[in-house]
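To start, the structure itself, in structure tokens.
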Amino acid sequence: MLSRFVNYFTEIVSSKSFIRSTNNKIRIAIICLITFLIPFDLYYIGIYNYGLEYCLWRLPLIAFLASHFYYNFYLFIKSVKDNDLKTWIDRLEAFDESKNDKMLHEKDIEIKSDNVRMRKNDQINTDKYGNFCEHCLIERVVRSHHCYICNVCVLRKDHHCFFLGGCVGISNQRYFFLTCFWLSILVGYGLSFYVELFFKKYEPFKDLTWLYFISPFQASLYCYFYYEKTIFEHVLLYIFYIHVYGFLLGGVFCLYNLFLIISGKTQYDDTLVKRYKYDLKPDGNTINERLQFIFGKYWYLNILIPNYWQSNVINRNMIKNILYPSSREN
């Protein structure tokens with residue numbers, strides 16, 4: 001009876017519909033949590049404890065940070081489907097077939113998918129492609145993966161982010177980085193209010209070591225047994241730890257993704273090189289080319305406002321590296 005229940009539970013948990021539903025719920029929960037924390041921090045931590053005048057001049061900064069986080073979050077979700085392999089193959093191969101030497105973003109490409117793909121397939125070895133995707137009805141290239149949660153073949157897939165609820169690929173990697181970047185700054189700024197408040201108002205926190213600050217359960221037990229704290233103060237302690245882990249997660253993902261962008265590769269590229277012996281080169285010869293490849297021509301302006309109108313800057317060498325990487329075993 002127990003084994004039958006376990007098998008039934010395992011089947012439900014491993015089903016695609018359950019994973020998709022869970023992923024959507026996680027994304028909604030994160031949005032709701034942040035939407036709750038911003039006014040809570042502003043009112044209770046800011047206005048209630050420090051006064052209205054203290055927080056008034058900080059409101060534009062908080063609004064700026066929050067709007068950038070939500071805007072990039074929205075663009076990330078909106079552009080998940082833009083990672084579609086079929087669309088990108090049509091665009092890249094049509095550009096590669098043309099005699100135009102300009103970058104991809106400077107040329108309007110007339111898509112002739114069937115003819116272009118047939119000509120290109122005659123010129124390359126079939127082992128440069130992956131297996132056939134029965135869901136998207138397309139021959140996958142080596143640097144693409146079908147995501148059963150997003151239900152699309154993602155070109156140059158880095159990973160599927162369960163927190164944001166979508167795949168990080170060639171079209172939305174910029175928005176993933178910027179979402180993590182603004183999240184870490186927004187939460188870190190709110191965290192500074194908590195640290196100042198706790199060490200100023202609550203005596204127990206002055207005696208806590210760094211070990212307690214990475215373990216909310218230990219810190220809560222410490223305050224419970226050694227100090228008389230109200231239920232609200234315990235809840236406030238856990239809200240503080242939500243800020244701590246939000247700041248750490250956002251910062252770690254942001255820095256690691258920046259490293260990948262500057263390196264001109266994805267997480268899965270190391271697997272292709274080590275396990276499958278593909279000779280993958282960085283996408284772009286210089287750091288500037290790699291930044292333009294992800295963020296667009298004026299990549300530095302994304303800090304002020306997301307340049308969603310600026311598409312990826314791609315040259316022919318990048319196309320060959322993305323679509324037709326050579327194998328060391330050939």
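Under full-length UniProt numbering, the first residue of the sequence shown is numbered 1, with each subsequent residue one higher.
Yeah, the Cβ is synthetic: ideal placement off N, Cα and C, and Gly gets one too.
Query	Result
Tell me whether residue 115 sits in a helix, a strand or coil according to DSSP, three-state version.	Only weak support is given to the placement of residue 115: the predicted model assigns it a pLDDT of 38, under 50, and the question is left unresolved by the model.
Report yes if the C-beta distance between residue 144 and residue 157 is below 8 Å; otherwise report no.	yes
Assuming residue 337 and residue 182 form a contact by the criterion Cβ under 8 Å, report the distance between their Cβ atoms to the nearest whole angstrom.	Coverage of the chain is limited to positions 1 through 330, which leaves residue 337 absent and any answer about it impossible.
Find the nearest neighbour of residue 174 within the set 54, 280 and 290, judged by alpha-carbon distance.	290
For residue 304, count neighbouring C-beta atoms within 10 Å of its own C-beta (all shown protein chains included) and say buried if the count is 16 or more, exposed if not.	exposed
Quick one: measure Cβ to Cβ for residue 169 and residue 27, integer angstroms, because I've assumed they're closer than 8 Å.	Between residue 27 and residue 169 the Cβ distance is about 17 Å, and since that is not below 8 Å, they are no contact.
Alpha carbon to alpha carbon, how far is residue 53 from residue 198? Give it in angstroms, no decimals.	20 Å
Would a C-beta distance cut-off of 8 Å place residue 138 and residue 85 closer than the cut-off?	yes
Can you tell me whether residue 21 is buried or exposed? The criterion is at least 16 other CB atoms within 10 Å of its CB, across all chains shown.	exposed
Cβ of residue 33 within 8 Å of Cβ of residue 62?	no
Mapping DSSP to helix, strand and coil, what is residue 164?	coil
Going by CA-CA distance only, name the one from 267, 147, 64 and 176 that's closest to residue 77.	176
Closest to residue 45 by CA distance: which of 31, 190, 18 and 16 is it?	190
Among residues of its own chain, excluding the 5 on either side of residue 24, which ones have a beta-carbon nearer than 8 Å to its beta-carbon?	165
In three-state DSSP terms, what is residue 326?	strand
With the cut-off set at 8 Å, would you say residue 132 and residue 184 are in Cβ contact?	no
For residue 140 and residue 153, which I take to be in contact (beta-carbon distance under 8 Å), what is that distance rounded to the nearest angstrom?	6 Å
Helix, strand or coil for residue 180? Go by DSSP, reduced to three states.	helix
Under 8 Å: do the region 275–287 and the region 258–266 share three or more Cβ pairs, one atom per stretch?	yes
Just to confirm my understanding: we take residue 333, look at its own chain, exclude 5 residues before and 5 after, and list those with CB closer than 7 Å. What are they?	Any answer about residue 333 is impossible in this case: the structure gives the chain only from 1 up to 330.
Does DSSP put residue 279 in a helix, in a strand, or in coil?	strand
Whole angstroms are fine: how far does the CA of residue 180 sit from the CA of residue 251?	7 Å
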